[in-house]
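A.B. asks: What follows is a structure written as structure tokens; I'll ask about it next.
Numbering (the numbering used here), first residue to last: 828 to 1101.
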């Protein structure tokens, strides 16, 4: 299995495609770098894709995963510094592309914010970070809420009740509820959830400043949202694309679970036209 090691992290990644351009990819919560295999038919001829397992997912691991380290988190600047040697190694000074889905978009945004001169284009699918989900942000940054999340690790009945309630209140859609049901099914998976939400607490971005960086560096931006997605609704894409000079916005008649063969066809069509 391919790994890239730094002083703090052992990153695992999957490789797809054989194209001349370099793309770094970051999957969604509860997935792995294998998630983007769905999109290889549309992207593989144009890009060599390095699809990373997120922190606490798959085979990526922190070298020090003590609770205080997880609660301290990692800033966008720190994350970009960890991954820049890998980018230098694979890109050979050429610009790169970024692909991300859901919570993985926080890592793509970190690279975009800290290394905009190295980025040529970005593909955001139902992205977190542009307009953070309020519930996730409270759970990550508000200490009493974070302590409550910690207690939920060993409280499966409370987790189940909370998911049913959020679904009933239309705060999460059916497809996301199914994903979370699966991911919160064991103590280990609930720990992954807590660690991921907590460690990402410093991944906070200003969408106006991001738009300025994108425009100043002439970065092409592809935005994909699900019409029925209540976690990261299409309104986020509409607001953000209005700030951009070079963007493509597509709203699929779907929920949050967008990385699928249908989106593969949409991306293929966009790459052929734009």
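C-beta atoms are modelled at their ideal positions from N, C-alpha and C, and glycine is treated no differently.
Near residue 1004, what residues of its chain come up, given a Cβ to Cβ distance below 7 Å and the 5 sequence neighbours on each side ignored?
C.D. replies: Contacts found: 990 and 994.
A.B. asks: Evaluate residue 1100 with the Cβ neighbour count: other Cβ atoms within 10 Å of its Cβ, from every protein chain shown; 16 or more gives buried, anything less gives exposed.
C.D. replies: Answer is exposed; the Cβ neighbour count stays below 16.
A.B. asks: Check this for me: beta carbons of residue 953 and residue 928, under 8 Å apart or not?
C.D. replies: Yes, Cβ-Cβ distance for residue 953 and residue 928 is below 8 Å.
A.B. asks: To test your reading of the DSSP string, which unbroken alpha helix (DSSP H) runs of 4 or more residues are found completely within the stretch 852 to 877?
C.D. replies: Listed in chain order, they are 867 to 870.
A.B. asks: In this structure, does DSSP put residue 889 in helix, strand or coil?
C.D. replies: Three-state result, residue 889: strand.
A.B. asks: From residue 1045 to residue 1014, what distance separates their C-alpha atoms?
C.D. replies: Between residue 1045 and residue 1014, the C-alpha separation is close to 45 Å.
A.B. asks: In the DSSP assignment, what residue or residues form a beta bridge with residue 930?
C.D. replies: BP columns for residue 930 are empty, so no partner.
A.B. asks: Just curious, the beta strand (DSSP E) that residue 840 is in, first and last residue?
C.D. replies: Unbroken beta strand (DSSP E) run through residue 840: 836 to 843.
A.B. asks: I believe residue 1071 touches residue 1079 by the beta-carbon criterion, under 8 Å. Please report the beta-carbon distance rounded to the nearest angstrom.
C.D. replies: Not a contact, Cβ separation roughly 19 Å.
A.B. asks: Tell whether a beta-carbon distance below 8 Å holds between residue 1000 and residue 1055.
C.D. replies: The answer is yes: Cβ separation under 8 Å.
A.B. asks: Compare the beta carbon distance of residue 1032 and residue 909 with 8 Å and say whether it is the shorter of the two.
C.D. replies: No, Cβ-Cβ distance for residue 1032 and residue 909 is not below 8 Å.
A.B. asks: Using a Cβ-Cβ cut-off of 6 Å (strictly less than) and excluding sequence neighbours within five positions of residue 943, which residues of its own chain qualify?
C.D. replies: Excluding sequence neighbours, residue 943 sits near 1040 and 1044.
A.B. asks: Pairing CB atoms from the stretch 912 to 926 with CB atoms from the stretch 881 to 894, are three or more of them under 8 Å?
C.D. replies: The stretch 912 to 926 is not in contact with the stretch 881 to 894.
A.B. asks: Spell out the partners DSSP gives residue 1074 in its beta bridges.
C.D. replies: For residue 1074, which the question treats as bridged, DSSP gives the partners 1048.
A.B. asks: Does the Cβ of residue 971 have 16 or more other Cβ atoms within 10 Å, making it buried, or fewer, making it exposed?
C.D. replies: By the neighbour-count rule (16 or more Cβ atoms within 10 Å), residue 971 is not buried but exposed.
A.B. asks: Within 10 Å of its beta-carbon, does residue 1022 have 16 or more other beta-carbons around it, so buried, or fewer, so exposed?
C.D. replies: Burial call: buried.
A.B. asks: If you reduce the DSSP assignment to three classes, tell me which class residue 925 lands in.
C.D. replies: Residue state, collapsed to three classes: strand.
A.B. asks: Classify residue 901 as helix, strand or coil using the three-state DSSP reduction.
C.D. replies: If DSSP states are grouped into helix, strand and coil, residue 901 belongs with coil.
A.B. asks: Identify the continuous alpha helix (DSSP H) that holds residue 952 and give its terminal residues.
C.D. replies: From DSSP, residue 952 is part of no alpha helix (DSSP H) but of the beta strand (DSSP E) over 946 to 952.
A.B. asks: Just verifying my parser: in three-state terms, what is the DSSP assignment at residue 1082?
C.D. replies: Three-state DSSP puts residue 1082 in coil, outside helix and strand.
A.B. asks: Taking only the alpha-carbon atoms, compute the straight-line gap between residue 1063 and residue 957 and give it to the nearest angstrom.
C.D. replies: Distance between the alpha carbons of residue 1063 and residue 957 is about 7 Å.
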